[in-house]
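J.: Here it is: the structure, laid out below.
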Amino acid sequence: MESAQQLQMVVAEVQAARQQVASLNAQVRELEGTIAAVKQQPEDMALHRQMGTILVEVEDRKQLLSDLEVTLDQMKSAVETMAKREAELVATYDKLKQSLEG
């Protein structure tokens with residue numbers, strides 16, 4: 142494969158990785174907001190969780206918070222993994238660009 146084509150492919154991959162990192166970061170912020178809202182919700186008021194197309198009342202708040210925090214940890218881990226991949230792709234891009242420039 143020609144170096145210019147490789148460079149274009151790597152650019153596309155970098156862009157896709159950056160979009161995924163941005164999307165994951167948005168999901169992390171949303172999840173952090175959800176966790177904060179659950180913690181602030183008074184104990185005497187019901188909480189509901191969406192399951193498919195319906196809302197179901199949450200009976201175990203501690204379990205809900207635990208589930209949300211586990212999901213948050215997983216999302217943060219995915220952000221780290223994707224950010225590392227993005228950095229690797231940028232390094233590959235730089236090497237290809239230098240080889241094309243001579």
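Each residue of the sequence shown is one higher than the last, beginning at 142 in the numbering used here.
Quick reminder that beta carbons are idealized off the backbone N, C-alpha and C, glycines included.
Computed from a prediction, not measured in an experiment: that's the story for all the values here.
(1) Less than 8 Å between the CB atoms is what I'm expecting for Met216 and Val169, so what's the real figure, rounded?
(2) Could you check what DSSP says for Gln191 in three-state terms: helix, strand or coil?
(3) For a test of the three-state rule: what should DSSP assign to Glu198, helix, strand or coil?
(4) Decide if Leu230 is buried, meaning its Cβ has at least 16 other Cβ atoms within 10 Å, or exposed.
(5) If I'm right that Val151 touches Tyr234 with Cβ under 8 Å, what's the distance once you round it to whole angstroms?
(6) Please list, in chain order, all residues of the same chain as Ala228 whose beta carbon is under 7 Å from its beta carbon, the five residues on each side excluded.
(7) Can you give the Cα-Cα distance for Gln147 and Asn166, rounded to whole angstroms?
(8) Would you report the Cα separation of Ser144 and Glu242, rounded to the nearest angstrom?
(9) With DSSP run on the structure shown, which of helix, strand or coil describes Gln182?
T.: With the given structure in hand:
(1) 5 Å
(2) strand
(3) strand
(4) buried
(5) 5 Å
(6) none
(7) 28 Å
(8) 11 Å
(9) coil
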